[in-house]
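> Following this message is one structure expressed as structure tokens.
Number of protein chains: 2
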Amino acid sequence: MSVTAPAGFVAGGAAAGIKPSGQLDLAVVATADARAVSAAGVFTSNLAPAAPVMVSRAHLAASGGRAAAVVVNAGNANAATGIAGRANAERTAALAATGLGASSEEVLVCSTGIIGVPLPMELLDAALPPLVTRLTGDDAAATAAATAIMTTDTKMKQTKVDGEGFVVGGMGKGAAMLAPDMATMLAVLTTDAAVDASALARMLRDGMARSFNAVSIDGCTSTNDTVLVLASGSAGPTDEGALAEALHGACTDLATQMVADAEGATRVVRVAVRGAADDADARRAARRVADSALVKCSLHGGDPYWGRIVSELGSAGVTFDPERVSVSYGGVTTCRKGVAAAHDESAVRSHMAGRHVELQADLGLGTGEAVVLTADLGPGYIDENMRTS
Amino acid sequence: MSVTAPAGFVAGGAAAGIKPSGQLDLAVVATADARAVSAAGVFTSNLAPAAPVMVSRAHLAASGGRAAAVVVNAGNANAATGIAGRANAERTAALAATGLGASSEEVLVCSTGIIGVPLPMELLDAALPPLVTRLTGDDAAATAAATAIMTTDTKMKQTKVDGEGFVVGGMGKGAAMLAPDMATMLAVLTTDAAVDASALARMLRDGMARSFNAVSIDGCTSTNDTVLVLASGSAGPTDEGALAEALHGACTDLATQMVADAEGATRVVRVAVRGAADDADARRAARRVADSALVKCSLHGGDPYWGRIVSELGSAGVTFDPERVSVSYGGVTTCRKGVAAAHDESAVRSHMAGRHVELQADLGLGTGEAVVLTADLGPGYIDENMRTS
């Protein structure tokens, strides 16, 4: 499975020494023949983007949406590192390009880790050239790559979606900003479908809007968030709708794995809002609830405190009538028309004691709806984030 | 000190039995002669306001900004309680009005506590009439009132500011939404200055903007947040600028006490942003930093992770240039022009180990500036908020 599942891709991982632990921290995904293929990316909206984000954006623009490889390092975000940081990101791409026989503009780069510390370039100089000579298409290589991009993730995140005559594979790490010194949600997707770059970019944006962008752990937008996709074309032309659906499925699978592995999280929570004036209001309302530290503490405690949900909806900046709202947990309505509803309390408590919680709010106003995934807020989150070292 | 410090006010507290603990939970502040005087209020912007918020707003409108008394109960928010909740808030005002010989519209009401549970009106029926017969102007009565409005507060919050020929007193509880089953920031201010209601309302709004509205604990806006002020006029006419300054001073004092007592907080943090394109951008940027769970975890750990500050500023939705930003802790600059700056690390760690932390960001763009107070995010916050019971 993972990034080498589609035909035409190779991968590999190495321990460059960027992570003080000595674990794998450098990954490469490339086309098997080092040929540039259709590629697209979606990047953080943060106005302080990391150097690799700036460089990858520029490379995709310069190449007209084509790439032969992606290099990812973990342990250092190469963010807030100024001109030297951009030079290091460019040098990383050039090192891989030289080894592969591609041009620098055909290599994309991602980094994840501590912000504000120069990338230890001497470690990449030593580890990247040998790594690109030993990329393979087997599962072990894909697993090494998926392992190398982990930071505080406790589990490797891979996905594979089989389409009609094509395959989508992928690996990812993090969820929004998850870690102490490690930031960033990263995902690298591959497919053997044949598709032009502009269609691929459109599909990626659409798939993101309904998956990663619907994930909210702490409301923070990292300096390094990046999702990339490369399409080798080895499987030939594909139905665009089917490919879009498969890309969306892969994104959703990775996003769900990220939420489930959010730091200190004990529950995965699906916040579904309907009955909003429109979809934009529904998204804003769902995100407000999902981002609320108070709601997330209640979720950690398995406590169905619907009053907090109503309070967050009332301050979400959306059209709202407190006398029309209802709130349900796992399908059991606890608040109807803005006031307490008699309900089976043991059924609700039992639902909330589980690992997957469904939180539903109906604003009773229109047809707008949205879903956001989040996690509870437990002591583990604080433990992981209170110190960088 | 506190609400009875200005001439012309009496107060008292009682244990009505609303708090299961049996502690004081009912407070009254009134004019000594039960005469209605100039009054003003600022209320939550939440679109699901609690019944007492709706009733107090209506009373101030009906009376043209005059009030004789304020009744506050703790232990139950009377929020998301529908028409019955509004009737209970009206009945609370009427009970006090009858006892005092005032009209119902001259009594304002506040509640704080659990959302979505009917106010136990029989307890107020029993406790409020005797309480209003034994209000006094001594310190013990003011202390009882200030104690009765506490929820998860660990310390009573009172203030007194001496002006030229007048006094401002006040009591408060909470900080944004602080508690498990208890929401709400409440404050009741009194002054013996003579001032008309419209000028008083203007001064209160201005004083709020620079104090309570600059407090951010978890970014939540409660259903019950209320700040009220009554001016007895006993001290005669007053310079308006001096009164506005004294009101602002009282608000700031209470706000600082609230932040210091925020649940689970171990540090009070002053986030000062300058160099923004304008003051609105500076406020938005400072609030983004102050609301960030990641920044607050770093503050809990005493860790000067400036990269996170830059990342939050970059996603705050304000004009931003990563190559112009600088970040300082306690006046020691750790990031200059967007990259790490050599600095005295022990000085920064020592500053951050203290109870008061100064976090300064200069966007390097213009003259906009703002200050927001916040607290760190520690395990105590989760402990207090994970269960309502």
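Residue numbers (the numbering used here), protein chains in the order written: chain A, 12 to 400; chain B, 12 to 400.
All residues carry an ideal CB built from backbone N, CA and C; glycine is no exception.
With a threshold of 7 Å between beta-carbons, can residue 59 of chain A be considered close to chain B, or not?
Residue 59 of chain A sits at position 48 when you count from the first residue of the first sequence. So yes, residue 59 of chain A belongs to the interface.
> In the DSSP assignment, the alpha helix (DSSP H) including residue 392 of chain A goes from what residue to what residue?
For this step, residue 392 of chain A is matched to residue 381 along the first sequence. Start and end: 390-396.
> Quick check: is the beta carbon of residue 377 of chain B nearer than 7 Å to any beta carbon in chain A?
Walking along the second sequence from the start, residue 377 of chain B turns up at place 366. By this cut-off, residue 377 of chain B is not an interface position.
> Taking Cβ positions only, does residue 64 of chain B come closer than 7 Å to chain A?
The count along the second sequence starts at 1 and reaches residue 64 of chain B at position 53. Answer no: the Cβ-Cβ gap between residue 64 of chain B and chain A never drops below 7 Å.
> Starting from residue 346 of chain A, find everything on chain B with Cβ-Cβ shorter than 8 Å and list it in chain order.
Position 335 of the first sequence, counted from the first residue, corresponds to residue 346 of chain A. Residues of chain B passing the Cβ test: 91, 127.
> Less than 8 Å between the CB atoms is what I'm expecting for residue 153 of chain A and residue 13 of chain A, so what's the real figure, rounded?
Locating residue 153 of chain A in the first sequence gives position 142, where the first residue counts as 1. Locating residue 13 of chain A in the first sequence gives position 2, where the first residue counts as 1. The pair is a contact, with the Cβ atoms about 4 Å apart (cut-off 8 Å).
> Where do the ends of the beta strand (DSSP E) carrying residue 182 of chain A lie?
Along the first sequence, one-based indexing puts residue 182 of chain A at 171. Its beta strand (DSSP E) spans residues 178-184.
> Under a three-way DSSP split, which group does residue 114 of chain B fall into?
Within the second sequence, residue 114 of chain B is the residue found at index 103, counting from 1. Reduced to three states, the DSSP call for residue 114 of chain B is coil.
> Can you tell me whether residue 371 of chain B is helix, strand or coil according to DSSP?
Position 360 of the second sequence holds residue 371 of chain B. DSSP places residue 371 of chain B in strand when its eight states are reduced to three.
> Mind checking residue 17 of chain B: buried by the 16 CB within 10 Å criterion, or exposed?
For the purposes of this step, residue 17 of chain B is taken as residue 6 along the second sequence, with counting starting at 1. Buried: at least 16 other Cβ atoms inside 10 Å.
> Residues bridged to residue 318 of chain B by DSSP?
Against the second sequence, residue 318 of chain B aligns to sequence position 307. DSSP output for residue 318 of chain B lists no bridge partner at all.
> Check each residue of the stretch 361-393 of chain B: if its Cβ is closer than 9 Å to any Cβ of chain A, include it; give the result in chain order.
Against chain A - using a Cβ distance shorter than 9 Å - the residues of the stretch 361-393 of chain B are 387, 388, 389, 390, 392, 393.
> Since residue 31 of chain B sits in a beta bridge, which residues does DSSP pair it with?
Start at 1 with the first residue of the second sequence, and residue 31 of chain B comes out as number 20. According to DSSP, which records beta bridges pairwise, residue 31 of chain B is partnered with nothing at all.
> Going by the beta-carbon positions, is the gap between residue 47 of chain A and residue 78 of chain A smaller than 7 Å?
Looking up residue 47 of chain A in the first sequence gives position 36. Looking up residue 78 of chain A in the first sequence gives position 67. Result yes, Cβ atoms of residue 47 of chain A and residue 78 of chain A sit closer than 7 Å.
> For residue 100 of chain A, which of helix, strand or coil comes out of DSSP?
On the first sequence, residue 100 of chain A is found 89 positions in, with the first residue counted as 1. DSSP places residue 100 of chain A in helix when its eight states are reduced to three.
> By the criterion of Cβ-Cβ separation under 8 Å, what are the contact partners of residue 331 of chain B in chain A?
Residue numbering aside, residue 331 of chain B sits at position 320 when the second sequence is read from its first letter. The contacting residues are 58, 59.
> In angstroms, rounded to a whole number, what distance separates the CA positions of residue 44 of chain B and residue 168 of chain B?
Here residue 44 of chain B is taken as the residue at index 33 of the second sequence, counted from 1. Here residue 168 of chain B is taken as the residue at index 157 of the second sequence, counted from 1. The alpha-carbon atoms of residue 44 of chain B and residue 168 of chain B are separated by roughly 26 Å.
> For residue 39 of chain B and residue 89 of chain A, what's the separation of their Cα atoms in angstroms?
To locate residue 39 of chain B, count along the second sequence from 1; it is residue 28. To locate residue 89 of chain A, count along the first sequence from 1; it is residue 78. Their Cα atoms are separated by approximately 58 Å.
> Report the rounded CA-to-CA distance for residue 336 of chain A versus residue 120 of chain A, giving the unit in angstroms.
In the first sequence, the residue the question calls residue 336 of chain A occupies position 325. In the first sequence, the residue the question calls residue 120 of chain A occupies position 109. Residue 336 of chain A and residue 120 of chain A: Cα-Cα distance of roughly 46 Å.
> What is the DSSP secondary structure of residue 379 of chain A, reduced to helix, strand or coil?
For the purposes of this step, residue 379 of chain A is taken as residue 368 along the first sequence, with counting starting at 1. Residue 379 of chain A: strand per DSSP, three-state reduction.
> Check whether the stretch 170-184 of chain B touches the stretch 131-151 of chain B, counting contact only when three or more Cβ pairs, one atom from each stretch, lie closer than 8 Å.
The stretch 170-184 of chain B vs the stretch 131-151 of chain B: no contact.
> Rounded to the nearest angstrom, what separates residue 283 of chain B and residue 126 of chain A at their Cα positions?
The residue labelled residue 283 of chain B in the question sits at position 272 within the second sequence. The residue labelled residue 126 of chain A in the question sits at position 115 within the first sequence. Residue 283 of chain B and residue 126 of chain A: Cα-Cα distance of roughly 21 Å.
> Spatial neighbours of residue 379 of chain A within its chain, please: C-beta separation below 6 Å, excluding the five flanking residues on both sides.
By 1-based counting over the first sequence, the position of residue 379 of chain A is 368. If we look at residue 379 of chain A and ignore the five residues flanking it on each side, its Cβ neighbours are 287, 288, 289, 290, 292, 293.
> Report the three-state DSSP secondary structure of residue 127 of chain B (helix, strand or coil).
In the second sequence, the residue the question calls residue 127 of chain B occupies position 116. The answer is coil: DSSP assigns residue 127 of chain B none of H, G, I, E or B.
> Give the C-beta separation of residue 206 of chain B and residue 92 of chain A to the nearest angstrom, bearing in mind that I take them to be a contact with Cβ-Cβ under 8 Å.
Locating residue 206 of chain B in the second sequence gives position 195, counting from the first residue. Locating residue 92 of chain A in the first sequence gives position 81, counting from the first residue. 56 Å between Cβ atoms; not a contact.
> For residue 138 of chain A, which residues from the same chain have a beta carbon less than 8 Å from its beta carbon, with the 5 sequence-adjacent residues on both sides left out?
The count along the first sequence starts at 1 and reaches residue 138 of chain A at position 127. Only 25, 26, 27, 28, 37 meet the Cβ criterion.
> Flag this pair as yes or no: are the beta carbons of residue 326 of chain B and residue 84 of chain A separated by less than 7 Å?
Position 315 of the second sequence holds residue 326 of chain B. Position 73 of the first sequence holds residue 84 of chain A. Contact flag unset, no.
> In terms of residue numbering, what span does the alpha helix (DSSP H) encompassing residue 258 of chain A cover?
Here residue 258 of chain A refers to the residue found at position 247 when the first sequence is read from its first residue. Counting along the chain, the alpha helix (DSSP H) containing residue 258 of chain A begins and ends at 251-271.
> Can you tell me where the beta strand (DSSP E) holding residue 339 of chain A begins and where it ends?
By 1-based counting over the first sequence, the position of residue 339 of chain A is 328. 337-340 is the span of the beta strand (DSSP E), which, as asked, contains residue 339 of chain A.
> Would you list, in chain order, the members of the stretch 293-318 of chain B that have their beta-carbon closer than 7 Å to a beta-carbon of chain A?
Result list: 303, 304, 305, 308, 309, 311, 312, 314, 316, 317, 318.
> With 7 Å set as the bound, which would you pick, yes or no: does the beta-carbon of residue 396 of chain A sit closer than that to a beta-carbon of chain B?
Start at 1 with the first residue of the first sequence, and residue 396 of chain A comes out as number 385. Chain B contact via Cβ: present.
> Within the 7 Å Cβ cut-off, does residue 349 of chain A reach chain B?
The residue labelled residue 349 of chain A in the question sits at position 338 within the first sequence. Interface residue, yes.
> Measure the alpha-carbon distance for residue 322 of chain B versus residue 303 of chain B and round it to whole angstroms.
As a first step, residue 322 of chain B is located in the second sequence; it is residue number 311 there, counting from the start. As a first step, residue 303 of chain B is located in the second sequence; it is residue number 292 there, counting from the start. Each residue's Cα considered, the two are about 10 Å apart.
> Can you look up residue 171 of chain A in the DSSP assignment and give me helix, strand or coil?
Start at 1 with the first residue of the first sequence, and residue 171 of chain A comes out as number 160. Here residue 171 of chain A sits in strand by DSSP.
> In terms of residue numbering, what span does the alpha helix (DSSP H) encompassing residue 68 of chain A cover?
Residue numbering aside, residue 68 of chain A sits at position 57 when the first sequence is read from its first letter. Here the alpha helix (DSSP H) through residue 68 of chain A covers 62-74.
> What did DSSP end up calling residue 349 of chain A once you bin it into helix, strand or coil?
As a first step, residue 349 of chain A must be located in the first sequence, where it is residue number 338. Reduced to three states, the DSSP call for residue 349 of chain A is coil.
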